[in-house]
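S.K.: Residue numbers (my numbering), protein chains in the order written: chain W, -7 to 107; chain G, 119 to 231. Beta carbons are placed, not taken as given, at the ideal position from N, Cα and C, and that holds for glycine. For clarity, every value in this text was computed on a predicted model and none was experimentally measured. Dumping the structure here so I can ask a few things about it.
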């Protein structure tokens, strides 16, 4: 069983640029969530996709956007990068909505540094 | 919205010491409660969970009891090992927002031999 994989693992961008992060969900999982984890903080919910539709969004501006594809993989896009966007971005998949199963399966994250 | 207050770290213990990491939460309805663990260089993984009041979650020697009256879900282990060194996160999922986990800030545990 293949776990959640994310790419790239590390990347450096400059302020104002755009970035795309990718996530392959675990086999059999149809729900993908994205979290932002700033250094020394807990993960903060960005949004969740269920069967290719956004199914909830946290307190993040519209320049954070996402997609889910028919194979349930997902992308996180961030436009007009700001210094405060520097963080570890975590993708998590689950076989159902978080409220039903509770267990999220996390990837190891993409560490974004904005200079 | 939901919120979590977790014991500030870092916590440093000697091997075989007793561990308690406190967690209290606010959430709508009757949340499910989780502890996740992040080992160095790895992603988050579920440690244990409890889905209703008075339930006890347990795994790898860790335990936590869902206390509705005190809105708490404290993590305990009777005898920690060096391999338990990690960051621990408490996270409720409430019925009012059943699509997301609300994480605490995390508690860094270091266990010395």
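(1) Mapping the DSSP letters down to three states, classify residue 78 of chain W as helix, strand or coil.
(2) Kindly indicate which three-state DSSP category residue 176 of chain G falls into: helix, strand or coil?
(3) Pairs of beta-carbons, one from the stretch 147 to 157 of chain G and one from the stretch 186 to 204 of chain G, closer than 8 Å: are there three or more?
(4) State the start and end residues of the unbroken beta strand (DSSP E) segment that holds residue 14 of chain W.
(5) How would you list, in chain order, the residues of chain W whose beta-carbon sits under 9 Å from the beta-carbon of residue 169 of chain G?
(6) Which stretch, first to last residue, makes up the beta strand (DSSP E) that contains residue 60 of chain W?
(7) Going by C-alpha to C-alpha distance, which of G:230, G:206, G:195 sits closest to residue 123 of chain G?
(8) Does the beta carbon of residue 35 of chain W sit closer than 7 Å to a beta carbon anywhere in chain G?
(9) Classify residue 190 of chain G as helix, strand or coil using the three-state DSSP reduction.
(10) If you reduce the DSSP assignment to three classes, tell me which class residue 201 of chain G lands in.
(11) Would residue 95 of chain W and residue 161 of chain G be called neighbours here (beta carbons separated by less than 7 Å)?
(12) For a contact defined as C-beta to C-beta under 8 Å, what are the partners of residue 218 of chain G on chain W?
(13) Quick check: the Cα distance between residue 149 of chain G and residue 139 of chain G, rounded to an integer number of angstroms?
(14) Taking the alpha carbon of residue 195 of chain G as the point to measure from, which residue in G:181, G:187, G:186 has its own alpha carbon closest?
(15) Counting contacts by CB-CB distance shorter than 7 Å, is residue 150 of chain G in contact with chain W?
(16) Quick one: give me the first and last residue of the beta strand (DSSP E) that residue 145 of chain W is part of.
(17) For residue 22 of chain W, which residues of its own chain have a beta-carbon under 6 Å away from its beta-carbon, when the five flanking residues on both sides are left out?
(18) Given a cut-off of 7 Å, decide if residue 102 of chain W and residue -2 of chain W are closer than it, judged by their beta-carbon atoms.
(19) Taking the alpha-carbon positions, what's the residue 136 of chain G to residue 2 of chain W distance?
(20) Between the stretch 183 to 191 of chain G and the stretch 127 to 134 of chain G, are three or more C-beta pairs nearer than 8 Å?
M.R.: Reading from the atomic positions:
(1) Coil.
(2) strand
(3) yes
(4) 11 to 16
(5) 94
(6) 56 to 60
(7) G:206
(8) yes
(9) strand
(10) helix
(11) no
(12) 25, 37, 40, 48, 50, 90
(13) Near 19 Å, if we compare the C-alpha coordinates of residue 139 of chain G and residue 149 of chain G.
(14) G:181
(15) yes
(16) The first residue shown for chain W is -7 and the last is 107, placing residue 145 of chain W beyond what the model contains.
(17) 43, 64
(18) The answer is yes: Cβ separation under 7 Å.
(19) 37 Å
(20) Cβ pair count under 8 Å is below three, so no.
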